[in-house]
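In what follows, a structure is listed as structure tokens, so that the remarks can point back to it.
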Amino acid sequence: MIFFKFTHTNPSFGDILEVVTSLKRNATSNPGSSTDAQESDLQDIIRGKNGNLAVIGESALYVRRAYKDLYLLVTDPDPDSKFIITGTSGVGKTCFLLYLLIQLLCNDDNVTIIFQPRDGKTCYCFKGSNLETGKIDDFSDDLYSPKTWYLVDSKQPSIDTKSSNSARTVVAASPNSLNNSKFQDFAKDVVNRYYMPPWTIEELKACQKHIFKQVPEDMMLEMFDRAGGVPRYVLRLPARVIKKHQDINNSEVWDKIINKSMEQIEDAILEVKSFDDLILCFTENTNYAKISSRIIHQWPDPSYEDYYFEWASNYIYKSVMRKLDKF
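Structure (structure tokens):
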């Protein structure tokens with residue numbers, strides 16, 4: 001049974017419970033399998049039951065290896081129960097929160113999870129097979145139970161980070177969001193900070209094949225060569241632009257789709273007007289965090305706890321160097 005505390009709610013959040021029920025049923029009918037996402041209908045794909053999945057707005061979720069690794073890290077019985085998941089903008093940090101939500105519901109029938117979306121106006125509280133909605137203050141008792149999971153998308157959590165009795169908190173946020181002054185009180189006290197990597201070409205191909213079929217593989221590969229391993233630019237934006245065009249195989253239309261999908265990245269390149277600007281991108285200066293994430297990517301080490309910088313693509317590197325050579 002799904003219980004809604006308030007009438008105005010996002011039905012796709014209720015659909016998550018149906019997804020969980022389906023995964024559990026599959027595990028029961030196939031004892032050799034598990035409720036892990038890799039055991040769903042197409043190995044690494046979790047599909048919505050009644051339309052697009054909550055949070056991500058797509059019909060299915062592609063489960064990356066990094067999601068599974070990070071799941072193990074945040075569910076490890078660490079005495080410090082606050083976590084930040086960050087990394088290059090657009091690589092799937094919000095998707096990880098959705099995966100974490102589904103996995104927690106699959107693996108514990110009595111778990112309590114509060115999910116606070118990016119807009120933050122309505123929060124969703126899962127208690128086993130029940131779903132309640134309301135403002136974050138409506139769940140204050142649960143927020144101060146160490147047995148509760150509190151998943152937050154790109155917002156300052158509504159808890160006292162110094163309290164030992166607060167919920168196990170996982171915040172997904174881009175470097176740009178973390179540089180916001182509103183995040184500082186939370187971020188400065190968090191020990192467990194993990195970095196999500198950009199996507200490999202193999203991951204992008206799998207996601208295109210099963211979720212973004214409307215984006216031709218050749219177009220995806222061209223976008224990858226230009227933008228690097230960020231599905232926001234390589235798959236999601238092209239998929240949206242394609243909806244406005246019919247003959248996408250026409251060379252002019254093709255180029256228009258590519259150029260439209262690259263607009264934010266090209267704008268970021270234009271913002272680099274000197275070598276000093278470029279250096280600030282690599283130092284994650286607050287004023288440059290938004291553009292730097294589009295042209296320079298963070299690649300984590302195997303522990304996900306540290307990272308190094310790499311150019312998003314050879315195309316971006318050459319574009320920036322040509323621009324700076326003029327000075």
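For the sequence shown, counting from 1, position 254 maps to 254 in full-length UniProt numbering; every step adds exactly one. Here a beta-carbon is modelled for each residue, glycine too, at the ideal position from N, C-alpha and C.
Which residues in the same chain have their Cβ closer than 7 Å to the Cβ of residue i, if we skip the five residues on either side of it in sequence?
| i | result |
| --- | --- |
| Leu104 | Val111, Ile113, Trp149 |
| Pro175 | Thr86, Glu284, Ala289, Ser293 |
| Gly92 | Arg64, Met196, Pro231 |
| Ser177 | Ser154, Phe183 |
| Pro157 | Tyr150, Thr169, Val171, Phe186 |
| Lys127 | Thr112 |
| Ala191 | Correcting the residue identity first, residue 191 is Val in this sequence and not Ala. These residues qualify, in order along the chain: Asp80. |
| Asp109 | Gly128 |
| Glu222 | Ile258 |
| Ile136 | Gln116, Cys123, Ser158 |
| Thr21 | none |
Measuring alpha carbon to alpha carbon, tell me which residue in the options is nearest residue i.
| i | options | result |
| --- | --- | --- |
| Asn107 | Leu97, Ala27, Ala172 | Ala27 |
| Leu97 | Pro117, Ser319, Ser59 | Pro117 |
| Leu59 | Gly128, Lys49, Tyr67 | In the sequence on display, residue 59 carries Ser and not Leu. That would be Lys49, whose Cα lies nearest to the Cα of Ser59. |
| Lys273 | Ser313, Lys121, Lys323, Val74 | Lys323 |
| Met262 | Tyr315, Asp218, Tyr307 | Tyr315 |
| Cys95 | Glu132, Ala54, Asn130 | Ala54 |
| Phe224 | Lys244, Gln246, Trp199 | Trp199 |
| Asp306 | Ile136, Ile201, Arg193, Glu217 | Arg193 |
Tell me the rounded alpha-carbon separation between residue i and residue j.
| i | j | result |
| --- | --- | --- |
| Thr88 | Lys326 | 29 Å |
| Pro238 | Ile248 | 11 Å |
| residue 374 | Asp119 | With the chain running from 1 to 327 in the structure shown, residue 374 is simply not present. |
| Val253 | Gly90 | 25 Å |
| Trp311 | Ile56 | 27 Å |
| Asn52 | Ser12 | 7 Å |
| Glu203 | Asp301 | 18 Å |
| Tyr317 | Asp15 | 43 Å |
| Ile291 | Tyr304 | 23 Å |
| Arg226 | Lys260 | 13 Å |
| Ile46 | Phe275 | 44 Å |
| Tyr71 | Asn250 | 43 Å |
| Leu17 | Val74 | 22 Å |
| Gln208 | Ser313 | 20 Å |
| Leu23 | Met321 | 49 Å |
| Ser319 | Met219 | 20 Å |
| Ile265 | Lys188 | 30 Å |
| Gly134 | Cys123 | 5 Å |
| Glu132 | Phe83 | 24 Å |
| Asp76 | Asp69 | 11 Å |
| Leu100 | Tyr67 | 8 Å |
| Ile201 | Ile102 | 26 Å |
| Val19 | Ile279 | 46 Å |
| Gln246 | Tyr233 | 20 Å |
| Asp142 | Ser29 | 34 Å |
Span of the beta strand (DSSP E) holding residue i?
| i | result |
| --- | --- |
| Asn130 | 130-134 |
| Phe224 | Segment 217-227 is the alpha helix (DSSP H) holding Phe224; no beta strand (DSSP E) there. |
| Tyr233 | Run containing Tyr233: none; DSSP gives neither H nor E here. |
| Phe212 | Phe212 -> no beta strand (DSSP E), and no H or E assigned at all. |
According to DSSP, which residues form a beta bridge with residue i?
| i | result |
| --- | --- |
| His297 | Glu310 |
| Trp149 | Ile113, Arg168 |
| Arg47 | Ala60 |
| Met196 | Gly87 |
| Phe186 | None; Phe186 has no bridge partner. |
| Phe126 | Ile113, Leu131 |
| Lys82 | Thr169 |
Using a Cβ-Cβ cutoff of less than 8 Å, which residues in the same chain neighbour residue i once the five nearest sequence positions on both sides are dropped?
| i | result |
| --- | --- |
| Asp277 | Glu271, Tyr288 |
| Phe309 | Phe282, Ile296, His297, Gln298, Trp299 |
| Ile242 | Gln214, Val215, Ile248, Ile257 |
| His210 | Leu42, Ile45, Ala60, Tyr62 |
Would you say the beta carbon of residue i is closer than 7 Å to some non-hydrogen atom of the ligand ADP?
| i | result |
| --- | --- |
| Ser158 | Of the ligands one can find in the structure shown there are none, so the ligand ADP has no counterpart to examine. |
Tell me which same chain residues have a C-beta within less than 6 Å of the C-beta of residue i, skipping the five on either side of it?
| i | result |
| --- | --- |
| Phe139 | Ile114, Cys125 |
| Phe212 | Leu235, Ala239 |
What residue range does the alpha helix (DSSP H) around residue i cover?
| i | result |
| --- | --- |
| Lys68 | 65-75 |
| Phe139 | No alpha helix (DSSP H) holds Phe139; DSSP gives it neither H nor E. |
| Tyr288 | Per DSSP, Tyr288 belongs to no alpha helix (DSSP H) and is neither H nor E. |
| Leu53 | Premise fails: Leu53 is in no alpha helix (DSSP H) and is neither H nor E. |
| Asp267 | 263-271 |
| Asn107 | 93-107 |
| Ser177 | 175-178 |
| Ile159 | Here Ile159 belongs to no alpha helix (DSSP H), and DSSP marks it neither H nor E. |
| Asp119 | First-last for Asp119: undefined, no H or E at that position. |
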